[in-house]
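Protein chains: 2
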Amino acid sequence: MSRYFEYRPGDGYEAWLQYRRTDQGTKLKQYAPYCHIAAVIQDEVMRTAVNELSQGLEAITGHLVDVAETLGESSGILLGIFGASQAIDEAIHADVAGSVRTEGYAIQFDGRTEQIAIGAADSAGLLYGVFHLLRIMAAGGDVKSLNRVENPVNSLRMINQWDNMDGSVERGYAGSSIFYHDNRVAKEYQRIQDYARLLASCGINAIAINNVNVHRVESRLLTDFLPDVTKLAAIFRQYAIKLYLSINYASPMELGGLATADPQNPSVREWWREAAAKVYEAIPDFGGFLVKADSEHRPGPFTYGRDHADGANMLAEAVKPYGGVVIWRCFVYNCKQDWRDRSTDRARAAYDHFRPLDGRFLDNVILQIKNGPIDFQVREPVSPLIGAMPHTNQMIEFQIAQEYTGQQRHVCYLVPQWKEVLDFDTYLQEEGTPVKRIVDGTVHGNPCNGFAAVSNIGSDANWTGHLLAQANLFGYGRLAWNPELSAEEIAKEWIRLTFGSREPLFQTIYDILMNSWEIYESYTTPLGVGFMVNPDHHYGPNVEGYEYSPWGTYHYADNHGVGVDRTTATGTGYTSQYADANKQRYESLATCPDELLLFFHHVPYTHKLHSGKTVIQHIYDTHFEGAERAGQLLAVWERMREQLDEQAYRQVADRLEEQAEHAKEWRDRINTYFYRRSGIPDEQGRTIY
Amino acid sequence: MSRYFEYRPGDGYEAWLQYRRTDQGTKLKQYAPYCHIAAVIQDEVMRTAVNELSQGLEAITGHLVDVAETLGESSGILLGIFGASQAIDEAIHADVAGSVRTEGYAIQFDGRTEQIAIGAADSAGLLYGVFHLLRIMAAGGDVKSLNRVENPVNSLRMINQWDNMDGSVERGYAGSSIFYHDNRVAKEYQRIQDYARLLASCGINAIAINNVNVHRVESRLLTDFLPDVTKLAAIFRQYAIKLYLSINYASPMELGGLATADPQNPSVREWWREAAAKVYEAIPDFGGFLVKADSEHRPGPFTYGRDHADGANMLAEAVKPYGGVVIWRCFVYNCKQDWRDRSTDRARAAYDHFRPLDGRFLDNVILQIKNGPIDFQVREPVSPLIGAMPHTNQMIEFQIAQEYTGQQRHVCYLVPQWKEVLDFDTYLQEEGTPVKRIVDGTVHGNPCNGFAAVSNIGSDANWTGHLLAQANLFGYGRLAWNPELSAEEIAKEWIRLTFGSREPLFQTIYDILMNSWEIYESYTTPLGVGFMVNPDHHYGPNVEGYEYSPWGTYHYADNHGVGVDRTTATGTGYTSQYADANKQRYESLATCPDELLLFFHHVPYTHKLHSGKTVIQHIYDTHFEGAERAGQLLAVWERMREQLDEQAYRQVADRLEEQAEHAKEWRDRINTYFYRRSGIPDEQGRTIY
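From first to last, the protein sequence lines stand for chains P and X. Heads up: the first sequence at position 467 corresponds to 467 in our numbering, and the numbers run straight through without jumps. Offset between the second sequence (1-based) and our numbering: plus 689.
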């Protein structure tokens, strides 16, 4: 039989866990021998693993699957915890078993017995091993060469839901919240469980279930709504996912009736200790608190003359007895800046605020740092704070939600962007100190570390609004598990699981994904300058949308040039936050990479890029080409119609059509703006208004 | 005793009808002889007139007032309808009486009898005569020289409430609606009656009580809510004000369940006839319908391939049997314009749409035309549609609500602007055909004519948010009554009634009002270019806020120049909509007035104005000076503190403080924008960012 088959994702609800095939008649006979599972179920996560494996196998093979305590001589799949399962200890060599760490697993095929063994140090590892095997089988892959150990590179692999209890999702582009509506916790437990399953299947092990902007009603998740939260924790627990809450720093006042939220005040500390005790009484494996404080009008320790370390440590002490952590966001800057003031630089803010506090945080505090210094733009340099606090736990924050990258109306596969960030060499110890090695804890030896990302899902049937945006959620999880995976591998894996591997569909979707970031960047903000979007909702072009705002995001375009001088020699000094090699590279026009030029320098429109083009001609060229390429995405998709389920075809086609139109709007507004500013015509004489 | 005294307006609720004095001990003895009123009350408006006079006199004099059927030999005030009151027919000569028309009055003092006689042809005229007398007395004026006839110049003197039934007011800057809340008609009848009284006191005789954008619930004012509307009509009727409703053109579908709203469809026509019949059954003196159709997404006859005449005439036929009118707004333009398309000119739209329909409208249809071709900007030319349809009733629409003129946060006395519009010579018949003579019906001899204006009031205690914005409501009414009144006279009258005439307060407020329009214009949009405001809410500077929008409001600023070429020779041809004298004046750079230059022409920044300055230097100079003068408004007000009631002082001071700050923001953003565009420095080297 052919190993090429196709899936029909239909409404997209099953995402990459469809296990469905188009050739309904043919069964995948190659996997039939493995329809026997042996496992001694020890806890609920292991039960989940066995259930997932059993249901997955049945869907893939069309055979009934039996589950027993042993396989005997039969072919099949053996699951077990090392040291607790004699069968697994016999199947997997002790040396191999010894290399499996928390949440990791060994998976191997024995040609003699025709048995596949999955062994792990804990039941979470078994669950991940099961999903590993199912990924292979669902894509029609080879199981007979299986022989490997997988350990997660990052201990925390977290999702942040920006869901509000009124049912809205901040920066949500896929419907409303699946967690809440009408200021109550939603009772659609099946949907939430299906989400947990999606997350676990790509390796996520932590979730904060409410928006980091915690308003009055959400504050009460910690108290009145705790029984509901407990129920949600139980759902995620089945999938080895720990639950966290975003908290309101002013809770002791708003909920506790205290006159202060000063972290040095004994009553405040006591209030938090009691609050934590109650949460852990209800949810003994509760993850901890996620905190946005003194940021964008949220309350925090600054009100009381305290600093972030004071604020975070108070909370950390409260959860410490239970093994909880406090995740403290570093997205702190002056959001009431005077646009006239060119000396204040928002890009500097996180480093300036937090770097001096290195060593002051307790060991169960983790600083959560956005990948770039501004805010999830299509192109930014890496945040210089990452790695700059050797004595402090840090984790990186990405945004799967496409706030500034097309809001799931435009296709933008973000894994290549994240890969660039993770591979960025900080030079903080020496050459070869990439972000991924800081984030996984190896560079500084910090005990807590990992990834967080803002989710892109909502109540839409396909979870992510744009069907192709599912690849970002999947890719984030896979990358958090192993940052060495390439964007290409992840894309291929996702396409195989979602659309199958039939050509030319497979290659078409692959090309769409792999080109999408570049295309989106090319018709939107050029050369790292950022923003140029409509205020508030951030969708669509508006070159001066933030130019006179208090938000610190300016481009200073005038009739002569554009860009922000962030050099140390003549600008805001932001470059000096980097290790010397990077500082020198960004500081000099001779070495600053083109794609970040306007982030670091204010240059004339006639400045020549390394590419040989002038800045103005680069703007024109990329915008004409980008809009044209966006139009081609639709055209190639339309040619795939025959190979696709109509519903899947239509939902993507509609979005690509909107993208193609909207890209023209970006093209014309950006080009017109810069033409009217510079007065320099396009060398090719194309239409600018 | 001194005729100079001062009022203390406090919260501002009494507005210009305070009749209160600071010198509480002293009574205004000069008017004591007139505290006897003789009148035979014939209807409710006359009762209102007598009550107003009686209460006003008591408040002014501190004396009790007696009302009888005759005065006998006593001094006092005599009220009567000509032909119905023997006393008044004796007191006022028949020749004088004969010159009094509908709603007019004669008022005269008889030195022999010491009696003041107010005679009218109807009770509304008596009410206006009473308010005339009270204006004089409240300001301490001379009654002994009274001997005049007053007739309203315009038959319709209307207010449009843009109130929605959810309680919001579209473009409302003074709190919420006093007419509605929670999708019901409000029961605060006293407040509504107090508003009716304010309106009648300055001559208003018509009101449309709901927003011209009629949504689902407001459509039902015509049906379900008719009993409530009837109650409101009764309140306004006491003050001789006719009530109108804004209607939803799609009502036959939305309320009547018909499949169409086609004006040629017999069922649709019948639906409107029945709807009108029911309204007139409940409210026999109902004014008629106000209609915004085929405008900014509102339904209208275009949907059915019909034109505005078809649409308006159908409604006109329905109200005709009852003496009702249909007021049809001409604010019709393409609000989905492509900003790239420079040939479409929103300024042309009203003329292009309506001019060809001249003669097609029934004689109880009135076209309501905004004063300018765009939308109530701080500076626009006069709409060329006004007077261009000799066979069609027309009325002019002003906006008392300061949508584009500071939103009642900035002081902007609009009467001088309206005066310029009214005095504008259209040359439509010959030199000396001003707008005011078209609007009052004399030029073309149209039977229906007048003024409409969008109200600026809301639930704020002082009605208008900014206490000084009361002058605009008062001034509008006074001007509608008599467009020959000067802005200066009206300002003085309003100040005397509201703040008294004590110096230096009187002169200070007078200077603030009379300079306010010029000051506001100077720091906002220059030379008639318009807009440059934040989208949607329209408050505050945003130079490119509408530049790439579908709304048709562009300035086309580039690195070379700015402005819209609306000439016939090289531009959109808008100038050809004017009579030749005006066309020539606007067409030529040599004669186009500076203040409208950028409305009619796209010129280089280096273009020399008639003032001798370049455009760019004019922009810089006016913005620096304007912001400085805005700051001085606050400074002079602060010096008046001792002369003012603290509450009145504080509410104005707060607004002036905001204005002073906000003017700097305007100054800096506009100057910075044009400096960055042009690269031309300020000759005086002042700070631009």
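Every residue gets a Cβ at the ideal spot worked out from N, C-alpha and C, and that includes glycine.
Next on the checklist: With DSSP as the reference, identify every bridge partner of glutamine 804 of chain X, one or two as the case may be.
Outcome noted: Counted from its first residue, the second sequence places residue 804 of chain X at position 115. As a beta-bridge residue in DSSP terms, glutamine 804 of chain X pairs with X:Gly765, X:Asp799.
Next on the checklist: For chain P, check one thing: does any of its Cβ atoms lie closer than 8 Å to the Cβ of arginine 1358 of chain X?
Outcome noted: Mapped onto the second sequence, residue 1358 of chain X falls at position 669. So, interface residue.
Next on the checklist: Which complete alpha helix (DSSP H) runs does the segment 122-164 of chain P hold, if anything under 4 residues is left out?
Outcome noted: Fully enclosed alpha helix (DSSP H) runs of 4 or longer: 123-138.
Item to check | Under the three-state DSSP convention, the category phenylalanine 451 of chain P falls into | outcome: Within the first sequence, residue 451 of chain P is the residue found at index 451, counting from 1. Here DSSP, grouped into helix, strand and coil, assigns phenylalanine 451 of chain P to strand.
Next on the checklist: Would isoleucine 438 of chain P and glycine 359 of chain P be called neighbours here (beta carbons separated by less than 8 Å)?
Outcome noted: In the first sequence, residue 438 of chain P corresponds to position 438, counting from 1. In the first sequence, residue 359 of chain P corresponds to position 359, counting from 1. No, the pair does not count as a contact, with Cβ atoms beyond the cut-off.
Item to check | Residue closest to cysteine 1137 of chain X, alpha-carbon to alpha-carbon, out of X:Arg1366, X:Pro1079, X:Ala1316 | outcome: Numbered from its first residue, the second sequence carries residue 1137 of chain X at position 448. Among X:Arg1366, X:Pro1079, X:Ala1316, the Cα nearest to that of cysteine 1137 of chain X is on X:Pro1079.
Next on the checklist: Do serine 85 of chain P and valine 67 of chain P have their beta-carbon atoms positioned less than 8 Å apart in this structure?
Outcome noted: In the first sequence, residue 67 of chain P corresponds to position 67, counting from 1. In the first sequence, residue 85 of chain P corresponds to position 85, counting from 1. In this structure, serine 85 of chain P does not lie closer than 8 Å to valine 67 of chain P by Cβ.
Next on the checklist: Could you tell me the alpha carbon to alpha carbon distance between glutamate 6 of chain P and alanine 138 of chain P, rounded to whole angstroms?
Outcome noted: Residue mapping note: residue 6 of chain P aligns to position 6 of the first sequence, counting from 1. Residue mapping note: residue 138 of chain P aligns to position 138 of the first sequence, counting from 1. With a pLDDT of only 48 at glutamate 6 of chain P, under 50, the local geometry of the prediction cannot be trusted, and the value read off the model is given with reservation. Straight-line Cα distance between these residues: approximately 10 Å.
Item to check | Limits of the unbroken beta strand (DSSP E) element including glutamate 1086 of chain X | outcome: One-based indexing of the second sequence puts residue 1086 of chain X at position 397. Glutamate 1086 of chain X: member of the beta strand (DSSP E) spanning 1082-1088, first to last residue.
Item to check | Contact list for asparagine 559 of chain P against chain X, beta-carbon separation under 7 Å | outcome: As a first step, residue 559 of chain P is located in the first sequence; it is residue number 559 there, counting from the start. Under a criterion of Cβ atoms nearer than 7 Å, the residues of chain X adjacent to asparagine 559 of chain P are, in order, Asn1248, Arg1365, Arg1366, Ser1367, Gly1368.
Next on the checklist: Against chain P, with Cβ distances strictly below 8 Å, would valine 1232 of chain X count as a contact?
Outcome noted: On the second sequence, residue 1232 of chain X is found 543 positions in, with the first residue counted as 1. At least one C-beta of chain P is nearer than 8 Å to the C-beta of valine 1232 of chain X.
Checklist entry - So the alpha helix (DSSP H) tryptophan 271 of chain P belongs to, where does it begin and stop? => result Residue numbering aside, residue 271 of chain P sits at position 271 when the first sequence is read from its first letter. For tryptophan 271 of chain P, the enclosing alpha helix (DSSP H) begins and ends at 266-282.
Next on the checklist: As an exercise, report each continuous beta strand (DSSP E) stretch of at least 3 residues that is fully enclosed by the segment 325-400 of chain P, in chain order.
Outcome noted: Within the segment 325-400 of chain P, the complete beta strand (DSSP E) runs of at least 3 residues are 325-329, 365-370, 393-399.
Next on the checklist: Within the continuous beta strand (DSSP E) that includes tyrosine 933 of chain X, where are the two ends?
Outcome noted: The residue labelled residue 933 of chain X in the question sits at position 244 within the second sequence. Secondary structure note for tyrosine 933 of chain X: its beta strand (DSSP E) is the uninterrupted segment 931-936.
Checklist entry - Is the Cβ of arginine 346 of chain P closer than 8 Å to any Cβ of chain X? => result On the first sequence, position 346 is the one that residue 346 of chain P refers to. False, the Cβ-Cβ gap to chain X never drops below 8 Å.
Checklist entry - Around the Cβ of proline 681 of chain P, are there at least 16 other Cβ atoms within 10 angstroms (buried) or fewer (exposed)? => result On the first sequence, position 681 is the one that residue 681 of chain P refers to. Burial call: exposed.
Checklist entry - Can you name the start and end residues of the beta strand (DSSP E) that isoleucine 730 of chain X belongs to? => result Reading the second sequence from its first residue, position 41 is the one you call residue 730 of chain X. Here isoleucine 730 of chain X belongs to no beta strand (DSSP E), and DSSP marks it neither H nor E.
Item to check | Where glutamate 296 of chain P falls, given that 16 or more other Cβ within 10 Å makes a residue buried | outcome: If you number the first sequence from 1, residue 296 of chain P lands on position 296. Label assigned to glutamate 296 of chain P: exposed.
Item to check | Sequence-distant residues of its chain with Cβ nearer than 6 Å to arginine 3 of chain P (five each side left out) | outcome: Here residue 3 of chain P corresponds to residue number 3 of the first sequence, with the count starting at 1. Below a pLDDT of 50, predicted positions are generally treated as unreliable, and arginine 3 of chain P, at 32, falls in that range; the measurement from the model is reported next regardless. Excluding sequence neighbours, arginine 3 of chain P sits near Gly140.
Item to check | CB contact below 8 Å: serine 691 of chain X versus chain P | outcome: To locate residue 691 of chain X, count along the second sequence from 1; it is residue 2. Low per-residue confidence applies at serine 691 of chain X: pLDDT is 31, beneath 50, and the placement is therefore not dependable enough to give any value.
Checklist entry - Are there 16 or more other CB atoms within 10 angstroms of the CB of alanine 875 of chain X, so buried, or fewer, so exposed? => result What you label residue 875 of chain X is simply residue 186 of the second sequence in a count that begins at 1. That one is buried.
Item to check | Which listed residue (P:Asp425, P:Phe424, P:Gln507, P:Leu414) has its alpha carbon closest to that of alanine 471 of chain P | outcome: In the first sequence, counting from the first residue as 1, residue 471 of chain P sits at position 471. Out of P:Asp425, P:Phe424, P:Gln507, P:Leu414, P:Leu414 has the C-alpha closest to the C-alpha of alanine 471 of chain P.
Checklist entry - Is it true that the segment 625-635 of chain P meets the segment 656-668 of chain P, where meeting means three or more beta-carbon pairs spaced less than 8 Å apart? => result A contact exists between the segment 625-635 of chain P and the segment 656-668 of chain P.
Checklist entry - Under 8 Å between the Cβ atoms of arginine 1255 of chain X and tyrosine 1243 of chain X? => result In the second sequence, residue 1255 of chain X corresponds to position 566, counting from 1. In the second sequence, residue 1243 of chain X corresponds to position 554, counting from 1. The Cβ atoms of arginine 1255 of chain X and tyrosine 1243 of chain X do not sit closer than 8 Å to each other.
Checklist entry - Comparing alpha-carbon positions, which option in P:Glu73, P:Arg496, P:Ala91 lies nearest asparagine 147 of chain P? => result On the first sequence, residue 147 of chain P is found 147 positions in, with the first residue counted as 1. The shortest Cα separation from asparagine 147 of chain P among P:Glu73, P:Arg496, P:Ala91 belongs to P:Ala91.
Checklist entry - By Cβ distance below 6 Å, which residues in the same chain neighbour glutamine 1266 of chain X in space, the five residues on each side in sequence not counted? => result Locating residue 1266 of chain X in the second sequence gives position 577, where the first residue counts as 1. By the criterion of a C-beta distance shorter than 6 Å, glutamine 1266 of chain X is surrounded in its chain by Tyr1040, Pro1073, once the five residues flanking it on both sides are discounted.
Checklist entry - From arginine 995 of chain X to tyrosine 862 of chain X, what distance separates their C-alpha atoms? => result Position 306 of the second sequence, counted from the start, is the residue given in the question as residue 995 of chain X. Position 173 of the second sequence, counted from the start, is the residue given in the question as residue 862 of chain X. Arginine 995 of chain X and tyrosine 862 of chain X: Cα-Cα distance of roughly 37 Å.
Next on the checklist: For a cutoff of 8 Å on Cβ pairs, would you count arginine 329 of chain P as touching chain X?
Outcome noted: Here residue 329 of chain P refers to the residue found at position 329 when the first sequence is read from its first residue. With a threshold of 8 Å between beta carbons, arginine 329 of chain P makes no contact with chain X.
Next on the checklist: Can you look up glycine 12 of chain P in the DSSP assignment and give me helix, strand or coil?
Outcome noted: By one-based count along the first sequence, residue 12 of chain P stands at place 12. Under the three-state reduction of DSSP output, glycine 12 of chain P falls in the coil class, being neither helix nor strand.
Checklist entry - Looking at the C-beta of aspartate 1255 of chain X, does it have a partner C-beta in chain P at a distance below 8 Å? => result Within the second sequence, the letter at position 566 stands for residue 1255 of chain X. The amino acid at residue 1255 of chain X is misidentified as aspartate; the sequence shows arginine. At a cut-off of 8 Å, the C-beta of arginine 1255 of chain X has no neighbouring C-beta in chain P.
Checklist entry - With burial defined as no fewer than 16 other Cβ atoms inside 10 Å of the residue's Cβ, what is the status of alanine 349 of chain P: buried or exposed? => result The sequence position of residue 349 of chain P within the first sequence is 349, counting from 1. The residue is buried, with at least 16 neighbouring Cβ atoms inside 10 Å.
Next on the checklist: Please identify the residue among P:Glu403, P:Asn211, P:Ile369, P:Glu69 whose C-alpha is closest to the C-alpha of isoleucine 41 of chain P.
Outcome noted: Indexing the first sequence from 1 puts residue 41 of chain P at position 41. Of P:Glu403, P:Asn211, P:Ile369, P:Glu69, the residue nearest in Cα terms is P:Glu69.
Checklist entry - In three-state DSSP terms, what is tyrosine 189 of chain P? => result Taking the first residue of the first sequence as 1, we reach residue 189 of chain P at position 189. Three-state DSSP puts tyrosine 189 of chain P in a helix.
Checklist entry - Beta-carbon of tyrosine 605 of chain P versus every beta-carbon of chain X: anything under 8 Å? => result Working through the first sequence from its first residue, we reach residue 605 of chain P at position 605. Interface annotation, tyrosine 605 of chain P: not in contact with chain X, CB-CB separation never under 8 Å.
Item to check | Supposed close pair phenylalanine 1288 of chain X, proline 1070 of chain X - CB separation, criterion 8 Å | outcome: Locating residue 1288 of chain X in the second sequence gives position 599, where the first residue counts as 1. Locating residue 1070 of chain X in the second sequence gives position 381, where the first residue counts as 1. Taking C-beta atoms under 8 Å as the contact rule, phenylalanine 1288 of chain X and proline 1070 of chain X qualify, at a distance of about 6 Å.
Checklist entry - What distance in whole Å lies between the Cβ atoms of phenylalanine 798 of chain X and serine 857 of chain X, which are believed to be in contact at a cut-off of 8 Å? => result Position 168 of the second sequence, counted from the start, is the residue given in the question as residue 857 of chain X. Position 109 of the second sequence, counted from the start, is the residue given in the question as residue 798 of chain X. Contact flag wrong, Cβ pair sits at about 48 Å.
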